[in-house]
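So the sequence shown is numbered by this note's numbering: it starts at 0 and just counts up by one. Notes to accompany the following structure.
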Amino acid sequence: MRSIKQVFTLCVPLAIVGSIGYLLLLSTREVPEALLADSSSQGPWSEPPARIVSLVPAVTEILFALGSAHRLVGRTHWGTYPPTARTILDVGDGMHPSLEIVLSVEPDVVLLYDGEGNRNVARQLKSLGVNTLSLRHDTFSDLEANIVLLGDLVGCPIAASKLLAQIRTGLEEVVQATPQGDKPTVYWDAWAEPPITIGAGSFLDSLLRIAGAENIFSDQPSSAPRVSLESIIYRDPDLVLVPVGVSSALVDLSLTKRSGWNRVPAVKEGRVSVLDQDLVSRLGPRVVDAAWLMAHAIHPDLVQENVLPRILAEPPPCNG
Numbered sequence: 000m001r002s003i004k005q006v007f008t009l010c011v012p013l014a015i016v017g018s019i020g021y022l023l024l025l026s027t028r029e030v031p032e033a034l035l036a037d038s039s040s041q042g043p044w045s046e047p048p049a050r051i052v053s054l055v056p057a058v059t060e061i062l063f064a065l066g067s068a069h070r071l072v073g074r075t076h077w078g079t080y081p082p083t084a085r086t087i088l089d090v091g092d093g094m095h096p097s098l099e100i101v102l103s104v105e106p107d108v109v110l111l112y113d114g115e116g117n118r119n120v121a122r123q124l125k126s127l128g129v130n131t132l133s134l135r136h137d138t139f140s141d142l143e144a145n146i147v148l149l150g151d152l153v154g155c156p157i158a159a160s161k162l163l164a165q166i167r168t169g170l171e172e173v174v175q176a177t178p179q180g181d182k183p184t185v186y187w188d189a190w191a192e193p194p195i196t197i198g199a200g201s202f203l204d205s206l207l208r209i210a211g212a213e214n215i216f217s218d219q220p221s222s223a224p225r226v227s228l229e230s231i232i233y234r235d236p237d238l239v240l241v242p243v244g245v246s247s248a249l250v251d252l253s254l255t256k257r258s259g260w261n262r263v264p265a266v267k268e269g270r271v272s273v274l275d276q277d278l279v280s281r282l283g284p285r286v287v288d289a290a291w292l293m294a295h296a297i298h299p300d301l302v303q304e305n306v307l308p309r310i311l312a313e314p315p316p317c318n319g
């Protein structure tokens with residue numbers, strides 16, 4: 000039987016920009032050594048920072064899952080899960096936050112995504128005397144490393160270990176629950192025009208494998224390959240998966256109205272499933288839920304027998 004370790008070893012280093020503006024860098028390279036306090040910070044901290052601004056939605060979810068939501072004093076527009084996260088001050092876009100609002104909450108540290116688009120923000124915060132911590136959060140390895148790092152940062156290493164164990168065991172359950180043998184093939188509709196999908200190495204490609212399917216473009220060297228309609232028709236997927244925030248009816252209608260897409264048998268025959276974009280795009284504590292969601296879309300008769308207690312979005316506070 001497949002194991003979670005076997006699934007992960009199929010991945011290679013790559014990156015993707017996903018649909019409708021959400022950034023998904025999905026490589027599975029080794030965790031970078033730069034998962035340390037930026038040179039702009041005074042870290043490591045002698046005690047857990049009491050006031051944290053998170054500019055990475057998945058990191059916000061991790062802090063909640065570690066029982067450290069009480070330390071959050073700022074989040075981005077997109078950091079809206081769990082629902083109580085909306086009560087935390089919105090400091091703007093993760094790439095271009097309002098520095099005035101960030102400064103107004105007097106953070107001990109600002110957590111940023113470690114990417115070229117954030118370098119200028121990090122430099123500006125440094126010049127204003129604000130501590131920052133830049134996190135590369137692209138892969139399953141990054142997810143595990145960052146849970147440990149954030150657990151240490153907020154003084155909750157035991158909670159971090161528990162969360163890691165729950166995620167690992169939860170994903171293993173999905174692997175074991177899905178049918179063995181030949182797997183259905185999937186086209187992931189990341190962008191409509193031009194058609195953009197996911198390639199090998201993205202964590203979504205990994206999740207498809209965990210959920211018991213094969214990505215028809217997993218042989219592509221880019222994790223966000225632009226593909227042609229003719230190549231989609233030629234590869235003839237068993238199922239089209241569409242991550243969106245609108246109704247299934249609207250998606251089915253839009254696919255059939257795309258020029259030439261009625262030549263894709265899966266579209267013509269209605270083998271299209273819609274996935275919650277917010278859930279599947281977040282590499283965080285809900286990744287097990289995302290894997291189950293995919294598994295049920297791919298295997299409609301699948302019976303979920305999750306023996307684990309659900310990963311709590313808001314566990315009791317950890318006052319490390």
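C-beta: ideal position from N, C-alpha, C; glycine also. Fair warning: this is a prediction, and the values are worked out from it, not measured in the lab.
Simplified DSSP state of residue i, which is helix, strand or coil
i    : result
S272 : strand
V226 : coil
S205 : helix
E32  : Any answer about E32 is weak, because its pLDDT of 37 lies below 50 and its placement is not dependable; what the coordinates show is given next. Three-state result, E32: coil.
W77  : coil
I195 : strand
Y21  : Only weak support exists for where Y21 lies, its pLDDT of 32 falling under 50; the value from the coordinates is given anyway. In this structure, Y21 counts as coil in the three-state DSSP scheme.
S40  : Caution is warranted here: a pLDDT of 37 is assigned to S40, below 50, making its placement in the model unreliable, and no coordinate value can be reported.
H241 : A small fix is needed here, since residue 241 is Val in this sequence, not His. Strand.
N318 : coil
P12  : Low per-residue confidence applies at P12: pLDDT is 29, beneath 50, and the placement is therefore not dependable, though the value from the model is reported in the following sentence. Looking at P12 - three-state DSSP - the assignment turns out to be coil, as it is neither helix nor strand.
E213 : strand
D218 : coil
D89  : strand
Opening and closing residue of the alpha helix (DSSP H) in which residue i lies
i    : result
G169 : P156 to A176
L71  : Looking at the DSSP string, L71 is not in any alpha helix (DSSP H); the run it does join, the beta strand (DSSP E), is L71 to G73.
P236 : That residue, P236, is in no alpha helix (DSSP H); it is neither H nor E in DSSP.
V120 : R118 to S126
T131 : No alpha helix (DSSP H) contains T131, which is instead part of the beta strand (DSSP E) from T131 to L134.
V101 : L98 to S103
L149 : F139 to L152
H295 : V286 to I297
L62  : P56 to A64
Beta-carbon proximity of residue i to residue j, cut-off 8 Å
i    : j    : result
I231 : P194 : yes
H136 : Y112 : yes
R70  : A57  : no
F63  : E313 : yes
G244 : A223 : no
P106 : V72  : yes
I146 : V286 : no
H298 : G211 : yes
L88  : Q123 : no
Unbroken beta strand (DSSP E) run spanning residue i, endpoints
i    : result
I51  : I51 to S53
V263 : Unbroken run through V263: none, as it is neither H nor E.
W187 : T184 to W187
L110 : V108 to Y112
Nearest residue (CA-CA) to residue i, options the options
i    : options                   : result
A289 : L88, L206 and S227        : L206
V153 : G128, L65, P81 and L162   : L65
D218 : K182, P82 and S201        : S201
G319 : P156, L282 and V173       : P156
P315 : T131, A158, T75 and A176  : A158
L349 : G283, C317, I310 and V287 : Outside the displayed span of the chain (0 to 319) sits residue 349, for which this structure offers no information.
V108 : L54, N117 and G116        : L54
L162 : L110, E60 and R208        : E60
T79  : K182, R281 and S221       : R281
L274 : R262, Q175 and W291       : W291
L127 : W77, S103, R225 and D92   : S103
D92  : L203, A164 and G116       : G116
For residue j and residue i, believed in contact at Cβ under 8 Å, the rounded distance
i    : j    : result
V101 : V52  : 6 Å
D277 : V241 : Contact doesn't hold; Cβ gap of about 14 Å is too wide.
L334 : V185 : No answer is possible for residue 334: the residues shown for the chain start at 0 and end at 319.
P183 : I215 : Rounded, the Cβ-Cβ distance is 10 Å, inconsistent with contact.
Cutoff 8 Å: residue i Cβ touching any chain C Cβ
i   : result
V52 : Going by chain labels, chain C is absent from the structure shown, which holds only one protein chain.
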